[in-house]
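In what follows, a single structure is set out as structure tokens and then discussed.
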Amino acid sequence: MNEKTAKSVSKFLSLVLRHSPETISLKLDENGWADVEELIEKCSKNGNSLDMELLEYVVENNDKKRFTFNEDKTKIRASQGHSISVELNLAETEPLEYLYHGTVGKFLDSIKREGLQKMSRQHVHLSKDRETATNVGSRRGIPQILTVRSGEMFKDGFKFYLSENNVWLTDQVPAKYIEF
Ligand code: HQG
1 MNEKTAKSVS
11 KFLSLVLRHS
21 PETISLKLDE
31 NGWADVEELI
41 EKCSKNGNSL
51 DMELLEYVVE
61 NNDKKRFTFN
71 EDKTKIRASQ
81 GHSISVELNL
91 AETEPLEYLY
101 HGTVGKFLDS
111 IKREGLQKMS
121 RQHVHLSKDR
131 ETATNVGSRR
141 GIPQILTVRS
151 GEMFKDGFKF
161 YLSENNVWLT
171 DQVPAKYIEF
């Protein structure tokens, strides 16, 4: 399988399964699932040629396991990262004592004032280690890694969720729980 093709399919799937299914007139259900046959047909119609073999390859080999099939592979969804409102029904999970967030310098003043906010997504995304957070921050420039006292937040009643692909999610992180 051509890696370049797989990456471009992954990017397109992120667009339609997380942000704007209407780009290809695709409907997601309330839990974010798309019908696989419909997805293949509508992607192909819109110039992103796709078949079941390629879709299975992308789901299995995606570097972050961004997409999941249901049991019989008739449906597919993004595991996290949505900007559109979907109910992923993730189980509340007790977090590790510390989690990490990768960002860049220009956001720090605002984060110090307002804490971490979800911005355009459905959750604040946190990573289990500094290395992953460094990769996240590097998407925008020189990474700045913030340490979140998630254990303390949990004791104080904040909820945490772990996505199917092991990204930690929460609604917000007040600045007092962040080590800059
Ligand atoms: C920042 C990728 C100012 C925040 C990654 C971030 C992740 C604030 C940006 C996933 C702020 C939002 C998500 C505040 C937060 N003031 N800036 N109060 N609070 N920010 O992309 O965490 O490859 O929505 O630091 O790996 O960067 O797409 O979130 O820089 O897992 O699968 O606002 O996306 O995964 O940016 O990344 P994003 P993120 P995928």
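Under this note's numbering, the first residue of the sequence shown carries the number 1, and numbering increases by one thereafter. C-beta: ideal position from N, C-alpha, C; glycine also. Remember, predicted model here, so these are calculated numbers, not experimental data.
Between LYS128 and PHE180 the beta-carbon gap is near 20 Å, outside 8 Å, which marks them as no contact. Secondary structure in the stretch 119–179: the beta strand (DSSP E) runs of 3 residues or longer, each lying completely within the stretch, are 124–126, 143–148 and 168–170 in chain order. The shortest CA-to-CA distance from GLN172 to any of ASN165, PHE160 and GLY32 is the one to PHE160. Less than 9 Å separates the beta-carbon of LEU126 from that of SER150. Placement of the Cβ of GLU114 at a distance of less than 8 Å from at least one heavy atom of the ligand HQG is found. Looking at LEU39, LYS7 and SER120, the one whose alpha-carbon comes closest to that of ASP63 is LYS7. The stretch 83–94 and the stretch 44–58 do not touch, with fewer than 3 CB-CB distances between them shorter than 8 Å. Rounded to the nearest whole angstrom, the C-alpha separation of PHE107 and ASP72 is 43 Å.
In the DSSP assignment, ASP35 is bridged to LYS75. Separation of THR74 and GLU37 (C-alpha to C-alpha, rounded to the nearest whole angstrom) is 7 Å. The DSSP-derived three-state label of TYR100 is strand. For PHE12, the enclosing alpha helix (DSSP H) begins and ends at 3–14. The alpha-carbon of THR68 is positioned some 6 Å away from that of ILE76. Membership of ASP109 in the alpha helix (DSSP H) is indicated by the continuous run 108–114.
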